[in-house]
Structure formats: structure tokens, C-alpha cells
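S.K.: Numbering (the numbering used here), first residue to last: 780 to 879.
Beta carbons are placed, not taken as given, at the ideal position from N, Cα and C, and that holds for glycine.
The following block contains the structure, expressed as C-alpha cells.
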DNA sequence: TGAATGACAACCC
DNA sequence: CGGGTTGCCATTC
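Below is the structure:
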């Protein structure tokens, strides 16, 4: 467990319903702008052990990676329009408040 | 300790 | 615009 991992988890937990974040964005906020893959690995490995809203984490193209029906339905339920596994980032990507 | 992996991202053709 | 390849970096074996 590295500070990066803990930070990534913390960031994911801050994603509000109806919003999504990309791996690269999360990785960047976590301190590793190139660590998008680690974010993916963290989700893959820790999501079950943590109560992370991993379904709000998508690829930079605004698409669901797993193409999991549960994830898609969860997002739609929160208000995110998921069209053919794609999401309108400009409309649903979450921009964290630097003021926090 | 060293090598391989991976829910990605960016670049090139 | 679409498809394929390379780079990145922490985690895992």
C-alpha cells in the first residue's frame, strides 16, 4: 500500500452520484499523472475490499471498460446517460473543488 | 530481488 | 475517424 493507492481510493470516494471520473484524472490527482493503469489495478484489486463507487470510474474516452451491465445501470440510475457504453464527459465528468 | 501484469492514455499510421 | 503500438508506474507473483 502506497500513499498513491490510498489517495486514489480517497479520490474515488469523493466522486458524487451522477458524476464520473477518468482513470487519468484520478491518477493525476493522486500524484501520478501517468498512473492511470495503477488506478485500474487498484479498482480491480481493492474495489471488493472497499466500498468504492468504482462504477463511476471510466476510461478517458468516456466509456465503460468492463462493459458490465451492473455498472451501466448503476450510472444510469444515478442520472448519467450511458449510450452504448459511452458517457458524455463534458456533461458528467466530475471536476473536484480545489478549494475542497 | 527480479520479472510480469494491468478496469489506461497518448501517439502514429 | 479507426485500428494498432508504445509508454508508464505501482502492485503482484
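#1: If distances are taken between C-alpha atoms only, which option among 780, 806, 781 comes closest to residue 791?
#2: Pick from 816, 834, 821, 815: whose alpha carbon is nearest that of residue 794?
#3: Sort 784, 821, 839, 788 by Cα distance to residue 802 and report the nearest one.
#4: Count the other C-beta atoms from every protein chain shown that fall within 10 angstroms of the C-beta of residue 871, then say buried if there are 16 or more, exposed otherwise.
#5: Pull up the distance between the alpha-carbon of residue 821 and that of residue 841, whole angstroms please.
M.R.: Looking at the coordinates:
#1: By one-based count along the first chain, residue 791 stands at place 12. If we check each option's Cα against that of residue 791, 806 comes out closest.
#2: Position 15 of the first chain holds residue 794. Closest option to residue 794, Cα to Cα, is 834.
#3: Within the first chain, the letter at position 23 stands for residue 802. The shortest Cα separation from residue 802 among 784, 821, 839, 788 belongs to 839.
#4: Position 92 of the first chain, counted from the first residue, corresponds to residue 871. Residue 871 is buried by the Cβ-count criterion.
#5: For this step, residue 821 is matched to residue 42 along the first chain. For this step, residue 841 is matched to residue 62 along the first chain. Taking the straight line joining both Cα atoms gives about 19 Å.
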